[in-house]
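Below: one structure, written as structure tokens.
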Amino acid sequence: MNTRAHIFLAVLLSVLTGCIYPFSVENGEGEFNDIVVSGNILIGETTRITLGYVYPIGSAVSEMRKEFPRGTITIEHDSGQVWKGTYQYRGVYSFDTASAPAEGSYRLNIRLDEGTEFASDWAAVCPAPEIGNLHAEQSGGVVQIVMDLKGTGSLWHYRWDYFQTWEYHADYIPDLMFIPRLPEGDRENPAKIYRSPEPDEDYYYCWNSAASVEPGLGSSKGQSIDEIQNAEVATIPVSDMRISHLYCIDVTASGLSEGGRAWQQHLKDVSNDTGSLFSPTPSDMPGNIHCTSSEGINAIGYVDAVCRTTSRLFIGPEYYKRAYDPDQYIFIPDPDEDGFYNFDNLYINNSPVKCNGTPTKTNVYWGPKRCVDCRASGGTKTKPEWWPNNDK
Amino acid sequence: MRRLFVWLLLALGTVCAAQTPLYRGRTLTEYNFPFNGHYFWSTPDYSAGTVYFNGTRFSADLLNINAHTQELLVKESTFSAPVAAEQSLTAWISIGGVNYVNLRYYGMEEAPEGFLVPLDDSGRRVWMQRRKQFLREPGDHNGPKGIGYDDPKYKDNIIAYFRIKDYYYAERRGGLKQIHPGRSRRAAMTPAALPPEEAPDALIPKEIRRKAAQLGPSAESSLPAGWFSKNAPSDERKALLAAIEQEALIANYRNKTYEIGRQGSGQAPFEVSGTVHDVASGEAVPAVLVTDSSGKAYCYTDEQGRWKLKLPEGAGLLTFREYSMEDMDIHVIVNGSGVLDVLMREKVTALQSAYVTANGMADHRRAGMGLEKLNSSTVTHVPSAFGEGDVIKTVLTLPGVKSVGEASSGFNVRGGSSDQNLILLDGGTIYNPGHLFGVFSAFNTDVVGDIELYKSSIPVRYGGRISSVLDISTREGNSERLHGSLGLGILTSHLALEGPIVKGKTTFVLGGRTTYSDWLLKRIPRNSGYAGGSASFSDINLGLTHRFDDINTLKISGYWSRDGFSFRGDTTFRYSNLDIAAKWTRKPDSDNSLTVSAGYDQYSNTLERGYATDPLGAFSLSTQIRQGFVRAGAVHRRGSHSLSWGGDGIFYALSPGTLVPIESSAVLPKTLALETALEPSLYAGDEWRSEDGVLSAEGGIRLSSFLAFSPAKFYFNPEFRLSGKYSPLANFSLKAGINSMTQYIHLISNTSAISPMDTWKLAGADIAPQKGWQAAAGAYWTIFGSTIDLSLEGYYKRMTGCLDYKSGAVLSMNEHLADDLVQTRGKAYGVELMLRKQTGRLTGWLSYTWSRSLLQEMQDRGPETINGGAWYNAPHDKPHDVKLVGNYKFTHRYSISFNLDYSTGRPVTVPVGQFYYDNAVRLMYSMRNAYRIPDYFRLDLALNIEPGHYLKAFTHMSATIGCYNVTGRRNAYSVFYTTSGGRNVRGYMVSVFATQIPYLSLNLKF
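Sequences listed follow chains A and B, in order.
Numbering-wise (my numbering), the first sequence opens with residue 1 and increments by one.
Numbering-wise (my numbering), the second sequence opens with residue 10001 and increments by one.
This is the structure we're talking about:
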């Protein structure tokens, strides 16, 4: 193929490139009367129900965290037993439903301080599914954590969330620590600007954690067996620091009613899966919470009463693959234009890493802070009590 | 030879009496060959001479010989048209001392057809025949032997010329043998001497003359006095014509004034009828506008090419117009009722193809409104993505026709939804008219013949949809010889063959297309949303037409298409169309016709979710529509009325869903109950036109019914059609009409465009049929010498029973689907302004449409009622719509086509609020379709190159180089917002063709 043909081909290939383009999100206007009720009634553990407002599109997160509906929330069992919620923070109400019976039906009653009342439909308790075969497997450049879910009773719809915790390490245990803000005359003396680390200044081991944001949803309805195989829980790139040393994922699964599953799936779809050529036209789907005191005010949410089950999986560094050489990031600092080693200003986001012998102007290597301080990567030194190794 | 002549001289006509042929010949309309020479034997001048014709010797003043057709030409006067005497009846001619002898007349079978001049070749007898052959390759023949032109642009201007060649024959044992004498020998030959008072046949060998003696004695006579003179008494001339008729004389005429009927045969106006056929293919040419010179009497040819007019007595001019055929004008003198069969020739130049219709003044002649006609030539020259001629995309350039986006298969007519269009291919229903996500339409332009879109006045014979009818018919195929075409494009290729199976009786058309788009799709970037996808399609058209006789015709056609694609993972989609139909047409005369057709249609789609993704949940989900249909219709013309009546029946078997597991999947097999129903209808209609053509009207009633089985439910809905026209001026008309329609099948979809997984649902006990009516009125004005048509049409449409869906509706495998659907009413109104130029170098149309299309839920469901029960925008509501389609012809070879499209952005539902739910940001949406995407604008350009116009060339290559979306505008297909997994809100715009798309399309005809 000659050059002209190549050019022509290149033009052709550009035909369908970049079919999806960013589109500016215009800040919406107007006020919304609707309230948002999120959370399910958890049987056998503490229930947390969150109330919130709807904000115009494009609102900042900080704006959305300012105000929350306040009122009285109760969980009502069909036997007449009532659990009253306790306000915690940011619209969260907690209920001690650890000993709530796993039979019967529950509903949520909300009375806001301004008098508006809401109630959910009665919801029968959905038994917890069994989590099985929770494991990790590598597929291409990612590690997929998958599981099987097996229903009990008449359960056909499932939701799962996870909480992940991981231990990771800094690249180096530093030989020296930099002493900042020294008098100007001392800044040229390498012997004065460095010190040895204190025993409590061990920033090599860190732990971090995160909860899932997007729940997993699945259904075995229409199948001969009430089971889902290879349900995807999480996907982690093989180069992700989370699996560099020890990674733990706690998967929590619960059943859902058919309506609850449809509502949550719809909410998930219209928030994330619109825009393709054949995507459904988005719309709002009514939940099972209704305003009982006045018309024109909606409550967004679907409350189910569910039992949950949890399973835990540890993953070692066997999947971790990263072409990373921390030595390429360390360097010997250069003096400023006046010949001073003005570390306070020049290397404010860096730290000394290692030194061969007594510190001099030319034998102390510096590097990014994350090389010696694992906290710079977002984690903490707080080790979970149940963490299964002796790192600290 | 004779047929070739027909090709080059554009038009032929045959005039026949009502029962027996009056004269049967060809009108050779005056054709300007400025550089092409002439077809006369030696000189164009006519000279006096003697003729021995049909056993009688005549003397005449103005004679000549056509060396191309080898016919004797006789003129009545210097300025009159020549009469071509039938060759087989002409024995010899003597002009200016040169004798021309038809040896075949004397039984010499081995002699060439036509006339030969006896020459003396050094004492031996040699016969010479001069032939002028019509060629279309200018080549290097620009010399003294050839045409004698001197035009630097001769390759563009000249499409044909005559090649002259003399053939020599020596007598050998009572026969002839061709010889090839040298130049000097030929120069030495002299015309053979003829004894005084001897006829030229005295020069014929004795053996042959003995055979000729058996033909009967020759009678010495002369033509009637003054017959060929300027002052010929007309009575005498007519008497001779009568004599000619008695002798079944067949003669050819050039630029002749045809006399139709016998004088005194009745009271005027006289009924003149006939047929129009394509001279090259022999196919009947439908939709030819036949008008008299006054413009008041007119009609269109039907599918069999038949036409009929009532004409006043006396001289007149009949014009025959069809956009893809060369214009034909025939001078007639109407003495009584008679028949005029006409052959028309297809336009050679493909550069004049940007017509919707070239039916000049057409809007002033029919009462119906909203009819748009296209043909494959138009379709192939409207620029389109990837250069593939596209029927649907061309239809979208017409006013009042819209779509929700570039990659959508369906279209919307005057506010109707995409399922409200009845799309017929040879009578079979096409449920999904798109290939490859809608980038291409399902119709192969190689085999497509006529395309008719009825937007408003839908003929009473059509039913079953409430918005429009798109009736596409495939061609019958060339009845004379095998033809084919091959097209190569960036993503697709197509091949078509057509020709006779039994010459003149049975023809076939076979066409196929396929794609090789995977190579491109595999290169799509991951962020495009289409990464990892694959797509393919193919389709096949087959048509067989058999003419039992002049009255009965049977056409069998079949269409099959298959689409398959996957976007990501192992989820695949497939759908296919299958249509088989047979149509028998009987036309015993020009006043009566009967058409009976039957067929089977099938549309099926399948979604497969693969085993790798979900071992227990792998499934195959399919839906299917099968329908069998029978239609019968008759037309009877009486006086100023044209009555039509008939009936049809459609049997539906709709499988709403079948779910089966794949491999060891745990999915339970499930089949939703089969929906069956019968849709029988009867109809009757009438078209009336006043004698002067000022007033005309069409009306009809269609008794539509529907019987759904299990559970049984019967619907009966009479439908009405009425339209009228008033033409106070010959070039100005006012029209109005109203029609009502019923539709018993619904498209179940929650997407804006027709999607591969959309399914259909029949009306029944739980879902009522859709009903609609439309009232329209318009004014039509033709100006600047019939070159520009202006039209203004307004309409108001109401619909009920349209389906929309509830929020969160489950549309697939839903046993209680009706519970998830809501019925809506709709209203649409608008004004369409159109300017159309059909002749000249620049052709095309400019249209502006202002329209609205609104929906409203029919029932009150409280807070869940869509938009609180208020009217809301239909997904295809685009108030402003401007379209400019044109073609500018630089030369016969080069033309450019352009297409400009602007419209208001379509309505969408967008998020207006956001909230936290389970710690994830979620979206709250606006009222349905309350917002709009950005306006749409696109300009396409194409350069059409026709390398040659040589009809004799074995192959004919043409090319189109074009660019779709020249400005590279990123037109939004949709705008959507996502929360990026519940974290923050981001907006995106989907643009299907976000940049310029250059293309090259090569087409080879052979």
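All C-beta atoms, glycine included, are put in the ideal place defined by N, C-alpha and C.
Computed from a predicted structure; not experimentally measured.
>> Counting only Cβ pairs nearer than 8 Å, list the residues of chain B close to Asn-363 (chain A).
In response: Contact note: Asn-363 (chain A) does not reach chain B at a C-beta cutoff of 8 Å; the least C-beta distance is about 45 Å.
>> Does chain A have any CB closer than 7 Å to the CB of Arg-10922 (chain B)?
In response: By this cut-off, Arg-10922 (chain B) is an interface position.
> With which residues is Leu-10616 (chain B) paired in a DSSP beta bridge?
Replying inline: According to DSSP, Leu-10616 (chain B) bridges with nothing at all.
> Which residues mark the beginning and the end of the alpha helix (DSSP H) in which Gly-10801 (chain B) is found?
Replying inline: No alpha helix (DSSP H) contains Gly-10801 (chain B), which is instead part of the beta strand (DSSP E) from 10788-10805.
>> Give me the chain B residues within the contact set of Trp-284 (chain A), using Cβ-Cβ distance strictly less than 8 Å, ordered along the chain.
In response: Per the sequence shown, residue 284 (chain A) should be read as Asp rather than Trp. Within chain B, the residues near Asp-284 (chain A) are Ser-10807, Met-10924 and Tyr-10925.
> What residues from the segment 48-68 of chain A come within 9 Å of chain B, judged by C-beta to C-beta, listed N to C?
Replying inline: Result list: Thr-50, Gly-52, Tyr-53, Val-54, Tyr-55, Pro-56, Ile-57, Gly-58, Ser-59, Val-61, Met-64 and Arg-65.
>> Determine, for Lys-11005 (chain B), whether the minimum Cβ-Cβ distance to residues of chain A falls below 7 Å.
In response: By the rule that beta-carbons nearer than 7 Å mark a contact, Lys-11005 (chain B) does not touch chain A.
> Taking Cβ-Cβ distances below 7 Å as the criterion, which residues of the segment 10410-10430 of chain B are in contact with chain A?
Replying inline: Answer set for the segment 10410-10430 of chain B: empty.
>> For Gly-222 (chain A), would you say it is in contact with chain B, using Cβ-to-Cβ distances shorter than 7 Å as the test?
In response: Interface flag for Gly-222 (chain A) against chain B is set, since a Cβ pair is found closer than 7 Å.
> By the criterion of Cβ-Cβ separation under 8 Å, what are the contact partners of Gly-10389 (chain B) in chain A?
Replying inline: Within chain A, not a single residue places a beta-carbon under 8 Å from that of Gly-10389 (chain B); the smallest gap is close to 18 Å.
> In terms of residue numbering, what span does the beta strand (DSSP E) encompassing Asp-10471 (chain B) cover?
Replying inline: Annotation: the continuous beta strand (DSSP E) that includes Asp-10471 (chain B) extends over 10468-10474.
> For Met-10957 (chain B), which residues does DSSP report across the bridge?
Replying inline: For Met-10957 (chain B), DSSP records a beta bridge to B:Leu-11004.
> With contact counted as at least three CB pairs below 8 Å, one residue from each stretch, are the segment 10375-10393 of chain B and the segment 10768-10777 of chain B in contact?
Replying inline: No, they do not touch.
>> Determine, for Gln-229 (chain A), whether the minimum Cβ-Cβ distance to residues of chain B falls below 7 Å.
In response: Under the Cβ criterion of 7 Å, Gln-229 (chain A) is counted among the residues facing chain B.
> Within the 7 Å Cβ cut-off, does Phe-163 (chain A) reach chain B?
Replying inline: Judged by the 7 Å Cβ criterion, Phe-163 (chain A) is not in contact with chain B.
> What does Pro-10656 (chain B) touch in chain A if you count any residue whose Cβ is under 9 Å from its own?
Replying inline: Under the 9 Å cutoff, chain A gives no residues; its nearest Cβ is about 15 Å from Pro-10656 (chain B).
> Where does Gln-223 (chain A) sit, in a helix, a strand or coil, going by DSSP?
Replying inline: Strand, per DSSP.
>> Can you tell me where the beta strand (DSSP E) holding Asn-272 (chain A) begins and where it ends?
In response: From DSSP, Asn-272 (chain A) is part of no beta strand (DSSP E) but of the alpha helix (DSSP H) over 258-272.
> Of all the CB atoms in chain D, is at least one closer than 7 Å to the CB of Thr-10909 (chain B)?
Replying inline: Absence of chain D from the displayed structure is noted, the protein chains being A and B.
> Is it buried or exposed for Glu-63 (chain A), if we count other Cβ within 10 angstroms and need 16 for buried?
Replying inline: Burial is judged here by how many other beta carbons sit within 10 angstroms of a residue's own beta carbon; Glu-63 (chain A) has fewer than 16 and is exposed.
> Any idea what DSSP makes of Asn-356 (chain A), helix, strand or coil?
Replying inline: Here Asn-356 (chain A) sits in coil by DSSP.
> Is any beta-carbon of chain A found at less than 7 Å from that of Leu-10544 (chain B)?
Replying inline: No, Leu-10544 (chain B) does not count as interfacial toward chain A.
>> Just to confirm the assignment, what range does the beta strand (DSSP E) spanning Tyr-10496 (chain B) have?
In response: The residue you asked about is not Tyr; residue 10496 (chain B) is Ala in the sequence shown. Bounds of the beta strand (DSSP E) holding Ala-10496 (chain B) are 10492-10502.
> Taking just the CA atoms, how far does Met-10325 (chain B) sit from Thr-10090 (chain B)?
Replying inline: Straight-line spacing of the CA atoms in Thr-10090 (chain B) and Met-10325 (chain B) works out to 34 Å.
>> Within 10 Å of its beta-carbon, does Leu-10063 (chain B) have 16 or more other beta-carbons around it, so buried, or fewer, so exposed?
In response: Leu-10063 (chain B) is buried by the Cβ-count criterion.
>> By the three-class DSSP mapping on this structure, what secondary structure does Pro-190 (chain A) have?
In response: Secondary structure at Pro-190 (chain A): helix, using DSSP grouped into helix, strand and coil.
> Does DSSP put Leu-10672 (chain B) in a helix, a strand or coil?
Replying inline: In the structure shown, Leu-10672 (chain B) sits in coil (DSSP, three-state: anything other than H, G, I, E or B).
> Going along the chain, which residues of its own chain have a beta-carbon closer than 7 Å to the beta-carbon of Thr-17 (chain A), five neighbours each way excluded?
Replying inline: Note that Thr-17 (chain A) scores a pLDDT of 39, beneath 50, so its modelled location is shaky and nothing firm can be said.
> Any C-beta of chain A sitting closer than 7 Å to the C-beta of Gly-10913 (chain B)?
Replying inline: At least one chain A Cβ lies under 7 Å of Gly-10913 (chain B).
> Taking Cβ positions only, does Pro-10615 (chain B) come closer than 7 Å to chain A?
Replying inline: It does; some Cβ of chain A falls within 7 Å.
> At what residue ranges does the segment 10390-10427 of chain B contain a whole run of the alpha helix (DSSP H), taking only runs of 4 or more?
Replying inline: List check, alpha helix (DSSP H) in window: 10391-10395.
> Where do the N-terminal and C-terminal ends of the alpha helix (DSSP H) with Leu-10817 (chain B) fall, by residue?
Replying inline: 10817-10820 is the extent of the alpha helix (DSSP H) around Leu-10817 (chain B).
> Any residues in the segment 10682-10700 of chain B with a beta carbon nearer than 8 Å to a beta carbon of chain A? Which ones, in chain order?
Replying inline: Answer in chain order: no residues at all.
> According to the neighbour-count rule (16 or more other Cβ atoms, all chains shown, within 10 Å of its Cβ), is Ala-10048 (chain B) buried or exposed?
Replying inline: Answer is exposed; the Cβ neighbour count stays below 16.
>> On the CB-based measure, 16 or more other CB atoms within 10 Å of its CB, does Glu-10679 (chain B) come out buried or exposed?
In response: Label assigned to Glu-10679 (chain B): buried.
> If you count every other CB in all the chains shown that lies within 10 Å of the CB of Glu-10236 (chain B), and 16 or more means buried, which is it?
Replying inline: Note that Glu-10236 (chain B) scores 42 on pLDDT, short of 50, meaning its location in the model is unreliable; the coordinates nonetheless yield the value given after this. With fewer than 16 other Cβ atoms within 10 Å, it is exposed.
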